[in-house]
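**Q** Residue numbers (this note's numbering), protein chains in the order written: chain B, 788 to 1072; chain C, 180 to 446.
Here it is, the structure, as structure tokens.
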């Protein structure tokens, strides 16, 4: 199970005054079960890229392959593809429309052809998985708070049981507490459901903690594609792209420059603490 | 999908027409439309063609953009032509059962087609070379005298510019919601008309919710900046006629005079 982009380019409004190249010659493979982050500044092509992954946009050049099959080939069902590759858009709360939360989450499974009972079971599971309290299942989605709406919307995609879940800025517009909660729930989906997850964000800090692989987009091209700690080693270049490495990267690099033998690849505060303590103990036995 | 309609789509370029005062362009378009109905012979339409071609040339907008607006009226155009052709009494040149095409009908259909096409292309020139904001400014100014008889001109103009401003936003929003629902397996294409209408619910409900939310936000933002209607309100860029506007009015007067002359002499 994998999605592969082969030399994919995309431009908007071809042949008009507003023509714009959003992506240039992208080569990328997303493997089954991988937890990946896509990072880029506003306008770097992140949102375009993920819409190519589930066939909502057709590449201007190049091919998108799902398990080796061209998704724009004849006879390929892109509706089936979208069941396998779930995509949660930015501000997904604006896609809610049903009378109550449970019905809204059922929309996806029912489109897959499940019966009412089966769809409801899937929906309940998905809602529990995103941490939606049971007493809210019967409420109108428009009465929920921002964070709850977001959960309901993510559950709406999750209920379709995709193999790969793509989330565009799932934490946008949430307070720090809500952000951490939603991100760690996504991480737990990865662990328990063995789902491949693609997390799109412009914030390094959010993503760094969770992902095993990080793709940095800049001006429509892939700038880096590596483990987070290796990507952050290029923190100077990242700054040129309008991105910043996590605060902790700067702290560790500064410490090292001043002679403390710490591990500059530390990503989380925990790791940094360990590394600093170790370095200090090494110095003063 | 809805992007075919050229009306209200500004094409940025640097031309004389772009720089003209919106009032001039509005009056000009109106006169051109009137002229289409004054001319009733083919030499007359020839004159209109020359005028229109000249304007298209001056506007520096690619010709394909001009004709994009025609897609939207294609059905109306087809109906007009067919009905005129079949239903005008006169000298019969082709007949099949109760259907008959007359020479007069053919002429009438040709005239209607030319008028409709020129009407759309002519007004497209205005909307392609004028930003919606300039257009409403111009309209507000032209309708100014109506204020005396208590027509809320400023409010109408404000509503128009807000409506125009929201068209692209709502279009983008529609696109976004549509994609989000498609990602959840929604199907907007297949099924009969009842099914299609039912399939629209997941699109329309969020769209209406978002339109109301936006309207609410905008009203709040306007009130927070003390908007209280048009009374005593001045403009940041007041409209002012320049030399080229007078020249344009001169050309328009000449063109209209030609049309009237054609009519009088019966050419």
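Note that the Cβ used here is the ideal one computed from N, Cα and C, for glycine as well.
List the residues of chain C that residue 838 of chain B touches, going by C-beta distances under 8 Å, in chain order.
**A** Ordered by position in chain C, the residues that pass the 8 Å Cβ test against residue 838 of chain B are 358.
**Q** If you count every other CB in all the chains shown that lies within 10 Å of the CB of residue 407 of chain C, and 16 or more means buried, which is it?
**A** So residue 407 of chain C ends up on the exposed side.
**Q** Does any C-beta atom of chain C lie closer than 9 Å to the C-beta of residue 936 of chain B?
**A** Judged by the 9 Å Cβ criterion, residue 936 of chain B is not in contact with chain C.
**Q** Using C-beta distances below 6 Å, list every residue in its chain close to residue 185 of chain C, excluding the 5 sequence neighbours before and after it, in chain order.
**A** Note that residue 185 of chain C scores a pLDDT of 41, beneath 50, so its modelled location is shaky and nothing firm can be said.
**Q** Quick check: the Cα distance between residue 366 of chain C and residue 872 of chain B, rounded to an integer number of angstroms?
**A** Roughly 16 Å between the two C-alpha positions.
**Q** Would you call residue 268 of chain C buried or exposed, if buried means 16 or more other Cβ atoms sit within 10 Å of its Cβ?
**A** Exposed, by the Cβ-count rule.
**Q** With distances taken from CA atoms, which of B/996, B/1061, B/1062 and B/825 is nearest residue 970 of chain B?
**A** That would be B/996, whose Cα lies nearest to the Cα of residue 970 of chain B.
**Q** Let me know if residue 270 of chain C comes out buried or exposed under the rule of 16 or more other beta-carbons within 10 Å of its beta-carbon.
**A** It is exposed - the Cβ of residue 270 of chain C has fewer than 16 other Cβ atoms within 10 Å.
**Q** Taking Cβ positions only, does residue 185 of chain C come closer than 9 Å to chain B?
**A** Only weak support exists for where residue 185 of chain C lies, its pLDDT of 41 falling under 50; the coordinates are left without a value.
**Q** List in chain order: all unbroken beta strand (DSSP E) runs of 3+ residues lying wholly within the stretch 865–909 of chain B.
**A** Listed in chain order, they are 872–875.
**Q** What is the residue span of the beta strand (DSSP E) that residue 793 of chain B lies within?
**A** That run of the beta strand (DSSP E) goes 789–799.
**Q** Listed in chain order, which residues of the stretch 937–953 of chain B have Cβ atoms closer than 7 Å to some Cβ of chain C?
**A** Those would be 943, 944 and 947, in chain order.
**Q** In whole angstroms, what is the alpha-carbon distance linking residue 897 of chain B and residue 863 of chain B?
**A** Between residue 897 of chain B and residue 863 of chain B, the C-alpha separation is close to 21 Å.
**Q** List the endpoints of the continuous alpha helix (DSSP H) containing residue 315 of chain C.
**A** Residues 311–321.
**Q** Mapping the DSSP letters down to three states, classify residue 1030 of chain B as helix, strand or coil.
**A** In this structure, residue 1030 of chain B counts as coil in the three-state DSSP scheme.
**Q** Which residues in chain C sit within 7 Å of residue 881 of chain B, going by Cβ to Cβ distance?
**A** What residue 881 of chain B touches in chain C: 356, 385 and 389.
**Q** Taking C-beta to C-beta, are residue 435 of chain C and residue 238 of chain C nearer than 9 Å?
**A** Contact flag unset, no.
**Q** Quick check on the DSSP output: what are the complete alpha helix (DSSP H) runs of length 4 or more inside the stretch 927–1002 of chain B, in order along the chain?
**A** The stretch 927–1002 of chain B contains these whole alpha helix (DSSP H) runs: 933–945, 963–980 and 991–995.
**Q** Counting only Cβ pairs nearer than 8 Å, list the residues of chain B close to residue 394 of chain C.
**A** Result: empty, since nearest Cβ-Cβ is about 15 Å, beyond 8 Å.
**Q** Mapping the DSSP letters down to three states, classify residue 812 of chain B as helix, strand or coil.
**A** Strand at residue 812 of chain B.
**Q** According to the neighbour-count rule (16 or more other Cβ atoms, all chains shown, within 10 Å of its Cβ), is residue 205 of chain C buried or exposed?
**A** Result: buried.
**Q** If we count Cβ pairs, one from each stretch, closer than 8 Å, do we get three or more for the stretch 1022–1040 of chain B versus the stretch 818–837 of chain B?
**A** Yes: the two stretches touch, three or more of their Cβ pairs being nearer than 8 Å.
**Q** Does residue 893 of chain B pass the burial test, meaning 16 or more other C-beta atoms within 10 Å, or should it be called exposed?
**A** When all chains shown are included, residue 893 of chain B counts as buried.
**Q** Residues in its own chain within less than 7 Å of residue 879 of chain B by CB, not counting five upstream and five downstream?
**A** Here the set comprises 937, 940 and 941.
**Q** So which residues of chain B does residue 361 of chain C contact, with C-beta pairs closer than 8 Å?
**A** Simply 843 and 869.
**Q** Take the Cβ of residue 381 of chain C as the centre, count every other Cβ of all protein chains shown within 10 Å, and call the residue buried at 16 or more, exposed below.
**A** It is buried - the Cβ of residue 381 of chain C has at least 16 other Cβ atoms within 10 Å.
**Q** Would you identify the three-state DSSP class for residue 416 of chain C, choosing helix, strand or coil?
**A** If DSSP states are grouped into helix, strand and coil, residue 416 of chain C belongs with coil.
**Q** Residues in its own chain within less than 8 Å of residue 1057 of chain B by CB, not counting five upstream and five downstream?
**A** Taken in chain order, the list of residues that qualify is empty.
**Q** Along the stretch 957–976 of chain B, where does the CB come closer than 7 Å to a CB of chain C? Name the residues.
**A** Of all residues in the stretch 957–976 of chain B, none has a Cβ within less than 7 Å of some Cβ in chain C.
**Q** Return no unless some Cβ of chain B is closer than 9 Å to the Cβ of residue 381 of chain C.
**A** Yes, residue 381 of chain C lies at the interface with chain B (some Cβ there is under 9 Å from its Cβ).
**Q** For residue 348 of chain C, which option in C/394, C/313, C/369 and C/422 has the closest C-alpha, if you only look at C-alpha atoms?
**A** Nearest C-alpha to residue 348 of chain C: C/394.
**Q** Would you report the Cα separation of residue 362 of chain C and residue 1061 of chain B, rounded to the nearest angstrom?
**A** Approximately 43 Å, taken between the alpha carbons.
**Q** By how many angstroms is the C-alpha of residue 806 of chain B removed from the C-alpha of residue 1052 of chain B?
**A** Using only the alpha carbons, I get a separation of about 41 Å.
**Q** Closest to residue 1054 of chain B by CA distance: which of B/885, B/991, B/960 and B/959 is it?
**A** Nearest option by C-alpha distance: B/991.
**Q** Under three-state DSSP, which class holds residue 367 of chain C?
**A** DSSP places residue 367 of chain C in coil when its eight states are reduced to three.
**Q** Would residue 961 of chain B and residue 925 of chain B qualify as a contact pair, given that the criterion is a beta-carbon distance under 9 Å?
**A** Taking 9 Å as the Cβ cut-off, residue 961 of chain B and residue 925 of chain B do not qualify as a contacting pair.
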